[in-house]
Every structure is written in structure tokens, then in C-alpha cells.
Amino acid sequence: MKTSALPVSELSQKATSAFELEEEDPPLSLCSSKHLFKDVPPNLWGDWRWQFRNRISTVAELSRFVPLSDAEQAQMSLVSIKYPLSITPYYLSLMNPNDPCDPIRLQSVPTSKELSQSLVGTEDPLEEKEHSVVPGLVHRYPDRVLMVLTDICPMLCRHCTRKREWRNGGWIRSPKQIEAMLAYIRQHKEIRDVIVSGGDPLTLSTARLEEVLMGIRRIPHVEIIRIGTRVLVVLPQRIDHELCNMLSKYGPIWLNTHFNHPKEITAEATQACELLLRAGVPVNNQSVLLKRVNDSVDTQVKLCHALLRSKVRPYYLFQCDEVAGTEHFWTSIESGVRIIQGMRGFTSGLAVPTYVVDLPKGGGKIPVGPDYVLERRNTELVVRNYQGEIFTYTNLRDNDECGSAILNEMVVA
Ligand code: SF4
Numbered sequence: 475m476k477t478s479a480l481p482v483s484e485l486s487q488k489a490t491s492a493f494e495l496e497e498e499d500p501p502l503s504l505c506s507s508k509h510l511f512k513d514v515p516p517n518l519w520g521d522w523r524w525q526f527r528n529r530i531s532t533v534a535e536l537s538r539f540v541p542l543s544d545a546e547q548a549q550m551s552l553v554s555i556k557y558p559l560s561i562t563p564y565y566l567s568l569m570n571p572n573d574p575c576d577p578i579r580l581q582s583v584p585t586s587k588e589l590s591q592s593l594v595g596t597e598d599p600l601e602e603k604e605h606s607v608v609p610g611l612v613h614r615y616p617d618r619v620l621m622v623l624t625d626i627c628p629m630l631c632r633h634c635t636r637k638r639e640w641r642n643g644g645w646i647r648s649p650k651q652i653e654a655m656l657a658y659i660r661q662h663k664e665i666r667d668v669i670v671s672g673g674d675p676l677t678l679s680t681a682r683l684e685e686v687l688m689g690i691r692r693i694p695h696v697e698i699i700r701i702g703t704r705v706l707v708v709l710p711q712r713i714d715h716e717l718c719n720m721l722s723k724y725g726p727i728w729l730n731t732h733f734n735h736p737k738e739i740t741a742e743a744t745q746a747c748e749l750l751l752r753a754g755v756p757v758n759n760q761s762v763l764l765k766r767v768n769d770s771v772d773t774q775v776k777l778c779h780a781l782l783r784s785k786v787r788p789y790y791l792f793q794c795d796e797v798a799g800t801e802h803f804w805t806s807i808e809s810g811v812r813i814i815q816g817m818r819g820f821t822s823g824l825a826v827p828t829y830v831v832d833l834p835k836g837g838g839k840i841p842v843g844p845d846y847v848l849e850r851r852n853t854e855l856v857v858r859n860y861q862g863e864i865f866t867y868t869n870l871r872d873n874d875e876c877g878s879a880i881l882n883e884m885v886v887a
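Under the numbering used here, think of the first position of the sequence shown as 475, with each following residue one higher.
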């Protein structure tokens, strides 16, 4: 077992795919052999191109940072044939390599469970392929569409809903395919919200991403653009001034990201959120409930408080999708409900995300939460508060004479 750092010169040889690089890396000094990438010069460490180029993508490389037995390495190599491995140096630097239960490690390092349990769940439980109207464009809900621009991500999250795509080797939609998506959106005037996603769409060069955003913005009935990305978590260096200046031209743009654990909210990540906000791009967080990573009230409260301090709104907490090879992350629904119950009332409402289950077969998201209504009487509800105290709340029928023709269905029932 060995935990020395890779020479930077060796790391910098690695190929990039989605990023379009124009310049060569400057000469590099050697990394620290003591603590991950400690000795990488700050100008390289802060350069997203360097971070992306130097992703750890083989078990042999990983074993130079994380203590792994020969047996573990052999198992991981087997797993990575089906579900490849990719970790940015930045994200790896957040990990305690000596703790097998470290939340960063659990999210990024392959485990044999991905294969032994991959008979449970399905590859595409949300049936995104069935709802694709043209390649890469999912139209499931009436007024919004999802554009999948690439399957490339800087870090491959072991719990990913789209891990079925990883073995396709990394692709970006061609200009022709993007034009086909835009043509569909042009023809469907009911579409007011376009979600740009992947993979991670911010692995595209800023110029290429701008072409897509410009194309969307030329469609008058599109009101908002949303970008789904995890670069704030795994490659915050990507949020630079060039990108923010570009994004600021095509608003309103909302950005949804995916912090799962308070350890991920670093100074770099907070700075990335700040830059986006200054460019007029609000950031929301959509975390996934993952066993042993964040399935406790304490971790969720710490995560949501840290998000708010970084001016990010905790938006959704997702039940982990039933994707093949992710069963070791699944929790019961009751566990999620207990977490929300332990948060609601005990901290500010802004810090409590909506817990949702994305239903299989494309059924859509449904919110799930603790039930505070204990009994429904004719004109009363019996409710409990967050401390378990019981109250009776008057619940009158809506009055036709006051202008509403709607009966209160809860009372009628
Ligand atoms: S960033 Fe998102 S799409 Fe990419 S691997 Fe992680 S969960 Fe999957």
C-alpha cells in the first residue's frame, strides 16, 4: 500500500476531452509525496484546465494517493471496466485517504458493491431515453425540456443516475444535433424553461457553451435557462471571470448544483458561488440522500447552513434513484422523512430542502415529508407542531359569496 503523489509532469500528459485547450502547461515542479498535491504551484492548482487534464482515472494512479490493498485494487479495476473512475485533484484533496468512510471517498472511489449489487435497480429508472424527442432532448413535463449536451463530467459520482452513459467513452453533441434540439424548442411554444445538463455542460468550452445559450436565447418563448452542473463541488476553478461574463449576457439563468456534504463547501466553492451571484446567476442546491454520506439530521443541517452562508439555497433533497450499481447508497424513504422532520422548525425554513422522490418510469418528482395533520374534521384540522404539541385549527369551506367557487376538498373528505 502506497500513498505518494504522482509527479506533476506525469499528470500533465493526460488527454482532455471536452475542454478545448489552446495552451501548453508551463513547466512543473514535483508534487508533494507527503500530502496529495500540496506542492502543485498555486497558478496550476487554480487553473481548471490543469485540474481537468490531471484527473485521476486509473486505479494505479488512485493507489498513489489512497491506501489500497492488492485485492482492493484488483476489485476496483474490475469495477472501473463497467463504471470508469475520474476524480479531479481538487476533489481528491478534500478526502481523508485513510478513512474508508470519508464522504468524499464514498462518492468518488469505486467499490465492488457497484458490481455485486448491479442486478438490483435498472440502468435508466427514469426512462429518459423513452422521453427523448430528438437525440439528447428530453421533453417530459409540459413547459420545460432537458438538453443533454455531453456525457463528460470532471468527477464521476458513484451514485450517478446516468452512470449507464459512462462507458460510451465521452461525447459532446455535434452542432447539427444541437440545432435539431433548438428546432424542436422553436416549434413548441409551450416550452418556457430549458435545462442545460449532461454529464456536466460546464465541461464544454466557454465559447461552445455560449453558442448553445445564444441559440436558446434567440427563441422568444423561452423565459428561463437552467444549468445543471457539479463543477462548483468538484472543479470550482471552472467558475472564472470569462465564464461569468459570458453567462451574464444570457440571463435569466439559474444554476442548480449538487453539494452533498458540508466538507464540500470550501473557500474555493464559496468563491465560485459568489462569482456566479455577481454575474446575476442564482445558485440552488440539489443534494442526493446517500447512505453513510449524508443520511443524518446533523449532516444535513450542517450542509444546509453552510450552503446558506455561501448564499446557495438548499432546494431539493432527492431520494437516491434506483439505478443499477448504486444500491449501497440507498436509504429508506422513512429515513429521509425523519431527516426533514428533524430539521423543520428546528432551523430556519430557508435551510430545509424539499425532499422529493423522482418516480420510476418518468412519473416525475413528488414531495414526501412528515405528516403534520393528525385528523380532518368537518371544519377543523387537528395538527401537531414540530415539537409534537397538538393544536386544533379552524378550516372553513371557501365561501361562494366571497368570490370562490372552490370547495375545500380536505374538509369535504
Ligand atoms: S456530476 Fe452529475 S451527471 Fe456527472 S457523474 Fe456526478 S451525478 Fe453524474
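Every residue, glycine too, gets a C-beta built ideally from N, C-alpha and C.
Helix, strand or coil for P788, going by three-state DSSP, please let me know. The residue labelled residue 788 in the question sits at position 314 within the sequence shown. DSSP places P788 in strand when its eight states are reduced to three.
Output the boundary residues of the alpha helix (DSSP H) element that contains I659. Counting from one through the sequence shown, the residue named residue 659 turns up at place 185. P649 to Q661 is the span of the alpha helix (DSSP H), which, as asked, contains I659.
Which of the three DSSP states is assigned to K839 in this structure? For the purposes of this step, residue 839 is taken as the residue at position 365 of the sequence shown. In this structure, K839 counts as strand in the three-state DSSP scheme.
Quick one: what does DSSP say E528 is sitting in, helix, strand or coil? In the sequence shown, residue 528 corresponds to position 54, counting from 1. The amino acid occupying residue 528 in the given sequence is Asn; Glu does not appear at that position. Residue state, collapsed to three classes: coil.
Evaluate contact between the segment 606 to 619 and the segment 560 to 575, counting only Cβ atoms and requiring at least three cross-stretch pairs below 8 Å. no
Have a look at the DSSP bridge pairing and note the partners of V457. This structure cannot speak to residue 457, because the chain is shown only from 475 to 887.
Once you ignore the five residues that flank M817 on each side, which residues in its own chain have a CB closer than 8 Å to its CB? Within the sequence shown, numbered from 1, the residue matching residue 817 stands at position 343. The answer, listed in chain order, is V771, Q774, V775, C778, A825 and V826.
Figure out for me which residue from V619, V583 and R787 has the closest Cα to the Cα of T744. As a first step, residue 744 must be located in the sequence shown, where it is residue number 270. Considering only alpha carbons, the answer is R787.
Residue environment, E863, which counts as buried when at least 16 other CB atoms sit within 10 Å: Here residue 863 refers to the residue found at position 389 when the sequence shown is read from its first residue. Exposed is the call here.
Does the ligand SF4 have a heavy atom nearer than 7 Å to the CB of C747? The residue given as residue 747 occupies position 273 in the sequence shown. Checking the Cβ of C747 against the ligand SF4 gives no.
Distance cut-off 7 Å: D845 Cβ against heavy atoms of the ligand SF4: Taking the sequence shown and counting its residues from 1, the one referred to as residue 845 is at position 371. No - the ligand SF4 has no heavy atom lying nearer than 7 Å to the Cβ of D845.
According to DSSP, simplified to helix, strand and coil, what is Y761? Here residue 761 refers to the residue found at position 287 when the sequence shown is read from its first residue. According to the sequence shown, residue 761 is Ser rather than Tyr. Strand, per DSSP.
If you follow the beta strand (DSSP E) that D667 is part of, which residue opens it and which one closes it? One-based indexing of the sequence shown puts residue 667 at position 193. Here the beta strand (DSSP E) through D667 covers D667 to S671.
Supposed close pair I699, Y724 - CB separation, criterion 8 Å: What you label residue 699 is simply residue 225 of the sequence shown in a count that begins at 1. What you label residue 724 is simply residue 250 of the sequence shown in a count that begins at 1. Right, their Cβ atoms sit about 7 Å apart.
Taking DSSP as the reference, what is the three-state secondary structure of Y565? Sequence index remark: in the sequence shown, residue 565 carries index 91 (1-based). Three-state result, Y565: helix.
Rounded straight-line distance, which links the Cα of D573 to that of V755: As a first step, residue 755 must be located in the sequence shown, where it is residue number 281. As a first step, residue 573 must be located in the sequence shown, where it is residue number 99. Computed Cα separation, rounded: 36 Å.
Nearest CA to the CA of M629: which residue from A654, N570 and D674? Within the sequence shown, the letter at position 155 stands for residue 629. Ranking A654, N570 and D674 by Cα distance to M629 puts D674 first.
Are P584 and Y557 close, meaning C-beta to C-beta below 8 Å? Mapped onto the sequence shown, residue 584 falls at position 110. Mapped onto the sequence shown, residue 557 falls at position 83. A contact, by the Cβ cut-off of 8 Å.
Would you check whether the ligand SF4 has a heavy atom nearer than 7 Å to the C-beta of R579? For the purposes of this step, residue 579 is taken as the residue at position 105 of the sequence shown. No, the ligand SF4 has no heavy atom inside 7 Å of this Cβ.
Candidates N570, R529, D521 and Q581: which alpha carbon is nearest E801's? Numbered from 1 along the sequence shown, position 327 holds the residue referred to as residue 801. Of N570, R529, D521 and Q581, the residue nearest in Cα terms is Q581.
Simplified DSSP assignment, three categories, for R691: Residue mapping note: residue 691 aligns to position 217 of the sequence shown, counting from 1. Looking at R691 - three-state DSSP - the assignment turns out to be helix.
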